[in-house]
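Below is one structure, written out as structure tokens; the observations come after it.
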Amino acid sequence: MGEKEGEKKYTIEDLPGVGEATAEKLRENGYDDLMTLAVASPKDLSEVCGIGEGAAIKIISAARKYADVGNFETGGEQILERRREIQKLTTGSKNLDGLLGGGLETQAITEFFGGEFGSGGKTQIMHQLAVNATMPKEKGGFDADVLIIDTENTFRPERIVQMARAKDLDSDNVLRRIHVARAYNSHHQILLAEKALEMAKEFPIRLLIVDSLTSHFRSEYMGRGGSLAERQQLLNRHMHDLLKFGTINNAVIAVTNQVSARPDVFFGDPMAPIGGNIVGHTATFRIYLRKAKGGKRIARLIDSPHLPEGETVIQVTEDGITDGGV
Ligand code: ADP
Ligand code: MG
Numbered sequence: 016m017g018e019k020e021g022e023k024k025y026t027i028e029d030l031p032g033v034g035e036a037t038a039e040k041l042r043e044n045g046y047d048d049l050m051t052l053a054v055a056s057p058k059d060l061s062e063v064c065g066i067g068e069g070a071a072i073k074i075i076s077a078a079r080k081y082a083d084v085g086n087f088e089t090g091g092e093q094i095l096e097r098r099r100e101i102q103k104l105t106t107g108s109k110n111l112d113g114l115l116g117g118g119l120e121t122q123a124i125t126e127f128f129g130g131e132f133g134s135g136g137k138t139q140i141m142h143q144l145a146v147n148a149t150m151p152k153e154k155g156g157f158d159a160d161v162l163i164i165d166t167e168n169t170f171r172p173e174r175i176v177q178m179a180r181a182k183d184l185d186s187d188n189v190l191r192r193i194h195v196a197r198a199y200n201s202h203h204q205i206l207l208a209e210k211a212l213e214m215a216k217e218f219p220i221r222l223l224i225v226d227s228l229t230s231h232f233r234s235e236y237m238g239r240g241g242s243l244a245e246r247q248q249l250l251n252r253h254m255h256d257l258l259k260f261g262t263i264n265n266a267v268i269a270v271t272n273q274v275s276a277r278p279d280v281f282f283g284d285p286m287a288p289i290g291g292n293i294v295g296h297t298a299t300f301r302i303y304l305r306k307a308k309g310g311k312r313i314a315r316l317i318d319s320p321h322l323p324e325g326e327t328v329i330q331v332t333e334d335g336i337t338d339g340g341v
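For the sequence shown, our numbering assigns the number 16 to the initial residue and increments by one for each residue that follows.
Structure, rendered in structure tokens:
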């Protein structure tokens with residue numbers, strides 16, 4: 016990937032139809048390199064930069080060519096090559112790793128959803144993933160940094176310390192590698208996901224967590240009849256930003272979501288996670304969590320593109336996420 020030695024190094028000004036003014040607009044909106052443009056959506060690009068969709072398509076295809084990614088004529092080969100780069104992050108539970116075919120995949124979004132507050136262990140799993148991503152590769156980690164977008168103020172460094180110690184890791188070192196940003200509303204959350212791309216240029220971030228993906232969207236738009244479409248559109252864009260981050264950085268994206276308590280407001284199905292189809296279609300892996308006896312949780316894999324559906328048991332303990340015995 017990238018430019019080969021001896022080849023011309025392209026910049027965004029080399030793209031067709033991109034003069035000084037457009038280049039400036041692109042940069043202002045975070046489209047500051049060929050890779051970012053190569054994975055942009057024509058619609059976003061055209062809206063954000065005030066250019067026609069046709070022009071946006073031309074820019075994106077040229078960026079793909081220059082950045083040497085996603086050449087659709089040899090798409091199958093390229094996708095295969097990208098998939099070969101995919102790595103898997105351990106959850107800490109062999110059961111759950113097994114259900115996921117080895118762990119959480121990079122370049123994909125994995126969504127954990129479940130019922131009422133505190134019942135699912137979703138936030139506990141997010142803490143565990145954060146610790147695990149800092150671990151060396153031989154232990155199922157990425158030896159990498161982590162970015163957490165915390166929307167419910169549930170991040171607890173004390174939990175990180177406990178989980179790190181249980182794995183014989185230096186807890187200060189683990190904490191240093193976990194970057195936490197509190198999101199105060201949905202717009203702030205969207206902005207933080209966009210900023211994440213910039214942060215990844217400074218830190219080797221290979222895990223991006225959004226806990227919770229939907230809580231702000233839900234509370235802000237709840238009962239405001241008529242703005243559902245707007246909410247869905249924002250959420251959709253946010254998901255695509257997250258996926259873009261995962262693709263560019265070969266990172267795992269882990270998000271949490273809550274089962275709706277207001278089926279009348281949210282898409283009719285009482286078991287439907289907030290965000291309905293939009294989240295469902297973008298999330299590549301979805302795990303439904305429910306409480307079982309003795310502090311155990313049943314994790315069920317739903318709608319995976321290439322894994323069989325199934326269930327397993329995990330446990331949330333002081334030491335973190337472990338197997339619950341099947
Ligand atoms: P969710 O994010 O799905 O709402 P959480 O991840 O916050 O749920 O889960 C909270 C639960 O995790 C608690 O009810 C408790 O069962 C468990 N838990 C939290 N901290 C600890 C700990 N230190 N030791 C054991 N279990 C814990
Ligand atoms: Mg939580």
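Glycine included, each C-beta is placed from N, C-alpha and C at the ideal position.
Beta-bridge partners of residue i, as assigned by DSSP
i           : result
residue 224 : 163 and 269
residue 314 : 304 and 327
residue 129 : 273 and 304
residue 195 : 163
residue 217 : In the DSSP output, where bridge partners are listed per residue, residue 217 has none listed.
residue 338 : 329
residue 119 : 104
residue 124 : 268
Short Cβ contact (8 angstroms threshold) for residue i with residue j
i           : j           : result
residue 68  : residue 57  : yes
residue 252 : residue 59  : yes
residue 334 : residue 181 : yes
residue 143 : residue 178 : yes
residue 25  : residue 49  : yes
residue 166 : residue 211 : no
Buried versus exposed, by CB contacts within 10 Å (16 or more), residue i
i           : result
residue 168 : exposed
residue 101 : exposed
residue 32  : exposed
residue 188 : exposed
residue 153 : exposed
residue 217 : exposed
residue 248 : exposed
residue 231 : buried
residue 126 : buried
residue 120 : buried
residue 99  : exposed
residue 360 : Because the chain here runs from 16 to 341, residue 360 falls outside it and cannot be looked at.
residue 138 : buried
residue 259 : buried
residue 174 : buried
residue 35  : exposed
residue 155 : buried
residue 325 : exposed
residue 88  : Confidence at residue 88 is low in this model, with a pLDDT of 43, below 50, so the placement of that residue should be treated as unreliable; the coordinate-derived value is given next. The residue is exposed, with fewer than 16 neighbouring Cβ atoms inside 10 Å.
residue 323 : exposed
Reference residue i, options the options, closest by Cα
i           : options               : result
residue 272 : 236, 317 and 226      : 226
residue 111 : 174, 301, 308 and 320 : 301
residue 327 : 113, 205, 74 and 76   : 113
residue 147 : 78, 157 and 138       : 157
residue 214 : 264, 321 and 336      : 264
residue 204 : 229, 190 and 191      : 229
residue 107 : 211, 145, 72 and 190  : 145
residue 209 : 25, 39, 55 and 315    : 55
residue 308 : 329, 40, 256 and 320  : 329
residue 219 : 201, 202, 192 and 196 : 192
residue 200 : 211, 185, 212 and 236 : 236
residue 62  : 171, 322 and 46       : 46
residue 319 : 115, 97, 103 and 65   : 115
residue 310 : 336, 323, 246 and 317 : 336
residue 202 : 245, 224 and 170      : 245
residue 103 : 66, 159, 75 and 80    : 159
Assumed close pair residue i, residue j - CB separation to whole angstroms, cut-off 8 angstroms
i           : j           : result
residue 164 : residue 261 : Not confirmed; about 14 angstroms, so no contact.
residue 269 : residue 141 : 6 angstroms
residue 136 : residue 331 : 4 angstroms
residue 274 : residue 117 : Contact doesn't hold; Cβ gap of about 27 angstroms is too wide.
residue 82  : residue 30  : Actually they do not touch by this definition, with Cβ atoms about 10 angstroms apart.
residue 52  : residue 72  : 11 angstroms between Cβ atoms; not a contact.
residue 161 : residue 222 : 5 angstroms
residue 303 : residue 315 : 5 angstroms
residue 105 : residue 64  : No, residue 105 and residue 64 are not in contact; Cβ-Cβ is about 40 angstroms, not under 8 angstroms.
residue 196 : residue 207 : 5 angstroms
heavy atom of the ligand PLP below 7 angstroms from residue i C-beta
i           : result
residue 337 : The ligand PLP is not among the ligands present in this structure, which contains only the ligand ADP and the ligand MG.
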